[in-house]
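The sequence shown runs 242 to 336 under my numbering.
Below you'll find the structure, written out as structure tokens, and then a few comments.
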Amino acid sequence: MDFRTREVLLLGESVRLSPKEFALLEALCRRAGQVVTQRRLLVAGWNDPHADNQYLRSYMALLRQKLEYDPSEPELILTEPGVGYRLSVTAPDGS
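Shown next, in the form of structure tokens:
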């Protein structure tokens with residue numbers, strides 16, 4: 242992910258993200274491996290910590306559709322129930 246050019250590559254292929262998707266992924270990338278709270282993500286995506294959490298869930302599902310090998314079994318964007326989301330820093334093979 243190149244923050245300056247706003248480009249996201251996955252396996253060498255460009256991934257098209259909406260501005261909101263990019264903002265959410267950027268917030269996760271900047272804190273890779275750490276839990277990013279729902280509140281912080283709502284501010285990153287909507288500039289409103291009180292925005293509806295359903296918006297956040299919907300956009301995380303969209304990101305998983307675009308970035309995960311199997312969106313129903315996420316390995317990259319992990320949910321931390323009741324808290325937020327975490328971008329995994331471990332490769333899918335566990336290394």
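Here a beta-carbon is modelled for each residue, glycine too, at the ideal position from N, C-alpha and C.
Partner residues in the beta bridge of R327, as assigned by DSSP, are V276, L319.
By the 16-neighbour rule on beta-carbons within 10 angstroms, V324 is exposed. Around the CB of Q275, fewer than 16 other CB atoms lie within 10 Å, so the residue is classed as exposed. Taking the Cα positions, L258 is about 8 Å away from V249. Take the alpha-carbon of R245 and the one of F263: they are about 12 Å apart.
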